[in-house]
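Heads up: the sequence shown runs through residues 1235 to 1793, numbered per our numbering.
Backbone N, C-alpha and C fix where the C-beta goes; we use that ideal spot for every residue, glycine too.
In this text the structure is predicted, and so the values were computed from the model without any measurement.
Contents: one structure, followed by commentary.
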Amino acid sequence: MAGSGRKTPPQELQTSQLGQPSREQRNTLTENIQVTAQNADEVFEYLPRYKVLVCKTHRYAVRDLDEHLKRLHKTAIAERRAITSHFADCERIGHAQVTLPPPLEPPFDCLGTPKRAYICEEPECEELSTSRDAIRIHCNKKHDWRSTPDQRTYWHEVWVQTFFNAAGLQRYFTVDYETAFSPRKRGGRVVILDTANSRLGNVVTDWDEIDKKHLKSLAIADREVAKTDHTLWFKRNEWPEHLASSNLRHLSLASRLPGKEDRALQEAVEVNKALIESCVAGLRTLDRETRRWLRSAKLSEPDQRPLARLQNPESQQRYTSYMSRLLCYSLRVLQSQREQETQHDEGIGSASSDESADDRRSEDSVVDEGYGSQAGIDVFKDARRLYPWQGRQRQLLERVQESITYGWIDGAQQEALLQWYESIIFQHVRGETFKSVVLHFLAVLGIHEEEFRLRQANDFSYMLAGVVYCTRVLGAEIILPARERDEQDEADDKRFRQSRDEHLSDGTFSVMSKMLSLLAYGKSIALRHNNAGTMSFSDPALLLSTALLPLQVRSLLSS
Ligand SMILES: [Zn+2]
Ligand SMILES: [Zn+2]
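As structure tokens, this is what we get:
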């Protein structure tokens, strides 16, 4: 329906920050664009995945097409009928039934400029609001947070869009706006690994020169972070040592969610989503006692509350997206490893070809110097070096990749993925933390996606909480598969307790144990960090921005 290459509505029809065109814009619109059945595809875009029809001039999903055309486009009745029947085949569902897109995907062009919003930082909550006041009230009421000069906020800023715009119908979802679309990074589009046609030499790295220098200094600066770190957070997580002399930008990019063009990884993300959803669904039939043990961090004491589906479905999406990044990162590293091995197998005999000569050069060159080179930059070099393959993990991940490449049936794909998860979760690490894929990945996840610096404790704990939740849910399904629930008996309960004690509780040298203690440490540091803050409510910029907010809203409402 969108019609690539077709004319889009003129720039002046772009929406204001609140998504609704002003009155003047509306007048221009009705004068200049008479919607007809012929140009209807230029004005409206149907999104089949969400079953909504978006008006590209008004930037929201239309509920009653006839009414919308009549009221906002001043379309005559005969034309309205033609347009309505033009879209008759596009199935639409009510605003409450529409499923929201996964968090942090690229924004929809047709929905206009994303809005600023605020997301609650309480683990497993993630209340989202475009109103700073609303989120403040939420944090105060729900989490007993009080604004003190030292702990100003209990939320952070995100970009959001919504399909429906009318008051009370907005349901916001987070979008990856700054990284993908901000002007400074627009040129920095990176296509990583299309399995259908994959050559790592094809990794597109057309970052502009200024960007490079800036980011290079950032990446280097981060190596020095331990020296100036007063929180001891980085001493505890050992990220700076682990990532020393690595290019943080490359590592972070290697763990990004795939772009639309990367079908294979998109598919992997879908399988991962479906798997975690079915694990969560399986919790329902688990015994309450079992679920209390699952939720508990402690070795000998179940939690008061049982592990359960999160109240906010967006939280599950967000948490799942961290695991999707782990999966995509692992698949990219695997692919890169294979490419390397193939090249080595082919040997130097094939050096006559320009391509292999370039590959070899990029492999040998220091990454930081490689920026200026025209040859493909080996963005996976550090990831390959640091990725800790253990036991059968590589074999199992190869199975996952195969299941996707050859389009196994859904159940078989999920089973392959679950077995890989088992191999990386049910692992003991003792002193060698980064021999665990999961714990290595946490360091990668700890790289800020836009600034390429390491995240502080208060900026990371909510992510870690998400990984912990997913790990528990996956662990439950691995030990007690939901489809065998009817046959499970006391012996299985006993087996569950054993496995859980050994691998999913604190103080057991397990991957989970390391995560739990890091999470506890991160939370305590975040608290201290906030108490040691220097910003306060007397900050004039802050007072100004909060004071202006109601005024903006008022003026927009009265226009
Ligand atoms: Zn419209
Ligand atoms: Zn909350």
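- For V1634, the CB contacts under 6 Å within the same chain, skipping 5 residues up- and downstream, are A1650, L1651 and W1654 in chain order.
- Rounded to the nearest angstrom, the gap between the Cα atoms of A1515 and R1543 is 7 Å.
- Boundaries of the alpha helix (DSSP H) harbouring Q1732: E1724 to H1737, taken from the DSSP string.
- Exclusion of H1390 from the 7 Å shell around ligand 2 follows from its C-beta lying no nearer than that to any non-hydrogen atom of the ligand.
- Annotation: Y1655 is outside any beta strand (DSSP E); the continuous alpha helix (DSSP H) that includes it extends over D1644 to I1659.
- For I1353, the beta-bridge partners assigned by DSSP are L1362 and H1390.
- Contact annotation: F1468 and L1688 have beta-carbon atoms nearer than 8 Å.
- As the crow flies, the alpha-carbon of H1292 is around 33 Å from that of L1499.
- When DSSP states are grouped into helix, strand and coil, L1568 belongs to the helix group.
- V1678 places its beta carbon less than 8 Å from that of S1486.
- Its chain contains I1353, C1354, N1546, E1548, S1549 and R1552 as the residues whose beta carbon lies nearer than 7 Å to that of E1360, once the 5 sequence neighbours on both sides are disregarded; these appear in chain order.
- DSSP places E1279 outside any alpha helix (DSSP H); the residue lies instead in the beta strand (DSSP E), whose first and last residues are F1278 to L1281.
- Non-local beta-carbon contacts of E1325 in its own chain, meaning distances under 7 Å to residues more than five positions away in sequence, involve K1285 in chain order.
- Under DSSP, I1681 forms a beta bridge with L1688.
- Counted as a single uninterrupted DSSP element, the alpha helix (DSSP H) harbouring T1705 occupies residues S1695 to I1713.
- L1520 and V1505 have their alpha carbons spaced roughly 23 Å apart.
- With the rule of 3 Cβ pairs closer than 8 Å, the stretch 1526-1534 does not count as touching the stretch 1343-1351.
- With distances taken between CA atoms, V1503 lies nearest to L1491 out of L1491, S1512 and E1495.
- Distances from the CA of L1631 to each of R1566, Y1388, R1283 and V1296 were compared; the closest alpha carbon is that of R1566.
- Between the stretch 1680-1694 and the stretch 1715-1731, the count of C-beta pairs closer than 8 Å stays below three; the two stretches do not touch.
- Cβ-Cβ separation between Y1755 and R1529: approximately 19 Å, too far for a contact (criterion under 8 Å).
- Between W1527 and R1734, the C-beta spacing is below 8 Å.
- Judged by the Cβ position, E1548 fails to qualify as a neighbour of ligand 2 at the 7 Å threshold, every heavy atom of the ligand being at least this far.
- Remark: three or more beta-carbon pairs, one from each stretch, lie closer than 8 Å, so the stretch 1293-1300 and the stretch 1314-1329 are flagged as touching.
- Bounds of any alpha helix (DSSP H) do not take in F1398, whose DSSP letter is neither H nor E.
- Annotation: the continuous beta strand (DSSP E) that includes L1287 extends over V1286 to C1289.
- Residue state for T1408 is assigned as strand, using DSSP reduced to three classes.
- About 5 Å separates the beta carbon of V1702 from that of M1749, a gap short enough to meet the 8 Å contact definition.
- Taking non-hydrogen atoms of ligand 2 into account, the C-beta of H1372 is found less than 7 Å away from one of them.
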